[in-house]
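Presented below is the structure to which this report refers.
Residue numbers (our numbering): -5 to 218.
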């Protein structure tokens, strides 16, 4: 479990939810010291101040610190870009697991992963680097989620599923057993995925069908 000083990269909605994860960890005996946030965009600093924290500057400020960090940015490609820029610095990616998450045995959880309240990870599961499991999501046995995958609130990934790097599983979606979802694919909110999804493909509906590329907002991706 991560301990010591940490910086959160990204002060959007999910970034502020991650503060809840840290506070819950500390309330159950953890010793994480939040130094603050860094963000390369516009930030509502009043929201941070109301949570008792502050903006430290852009992500470049983190390059000069020897701390752990997480990157709660919803877009997998943007998350990857930030993590790659920070690779080789004195800072290292942390792993945050909310005490109200359920994690079974013989799982591999990569650096930078964030598991939020109510999410469930059963057994023999591999989570790559910087994977996000949002509130009340679930991942079934023998599944592999590659780097920078996001599973949004209430989504269910069944057993023996393979999800490629940077793919997104939208809010409330269901991925049935044995399905492979390609790198960078997008599963819309509430979709029921019954067959494999090609890399970069967007699918929506029940059963999920491919659609022409649309803005992710139209398919139900929360902004973070």
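No residue lacks a Cβ here, since even glycine has one placed at the ideal position from N, Cα and C.
TODO: Pick out the complete alpha helix (DSSP H) segments inside the segment 8 to 75, 4 residues or longer, and give them in chain order.
DONE: 39 to 44
Task: Start-to-end residues for the beta strand (DSSP E) that takes in residue 219 - done: With the chain covering only -5 through 218, there is no way to say anything about residue 219.
- [ ] Keeping to the same chain, check which residues put their C-beta closer than 8 Å to that of residue 94; ignore five residues upstream and five downstream.
- [x] 18, 111, 112
Open item on the list: Quick check: what's the CA-CA separation for residue 180 versus residue 204?
Closed with: 10 Å
Open item on the list: With distance defined between alpha-carbon atoms, name the residue in 22, 91, 177, 170 nearest to residue 158.
Closed with: 177
TODO: Could you pull the start and end residues of the beta strand (DSSP E) that residue 204 belongs to?
DONE: 203 to 205
Task: Exposure label - residue 53; buried when at least 16 CB within 10 Å - done: buried
- [ ] Using alpha carbons as the reference points, say which of 131, 120, 118, 117 lies closest to residue 109.
- [x] 131
Task: Buried versus exposed, by CB contacts within 10 Å (16 or more), residue 77 - done: buried
TODO: Could you name the residues that DSSP lists as bridge partners for residue 126?
DONE: 108, 144
- [ ] Please determine, among 163, 171, 172, the residue with the shortest C-alpha to C-alpha distance to residue 197.
- [x] 163
Open item on the list: Suppose the cutoff is 7 Å on Cβ atoms and the five residues either side in sequence are ignored; what does the same chain contact list for residue 98 look like?
Closed with: 115, 116, 117
Task: Residue environment, residue 161, which counts as buried when at least 16 other CB atoms sit within 10 Å - done: buried
Task: Spatial distance of residue 174 from residue 20 (CA atoms) - done: 37 Å
Task: Validate contact between the segment 121 to 130 and the segment 47 to 63 using beta carbons, cut 8 Å, 3 pairs - done: no
Open item on the list: What residue range does the beta strand (DSSP E) around residue 191 cover?
Closed with: Segment: none, residue 191 is in no beta strand (DSSP E) and carries neither H nor E.
- [ ] Would you kindly work out how many angstroms separate the C-alpha atoms of residue 206 and residue 46, rounded to a whole number?
- [x] 44 Å
TODO: For residue 121, name the three-state secondary structure that DSSP assigns.
DONE: strand
- [ ] Look at the alpha carbon of residue 133 and the alpha carbon of residue 172, and state the distance between them as a whole number of angstroms.
- [x] 12 Å
- [ ] Quick one: grab the DSSP three-state call for residue 170.
- [x] coil
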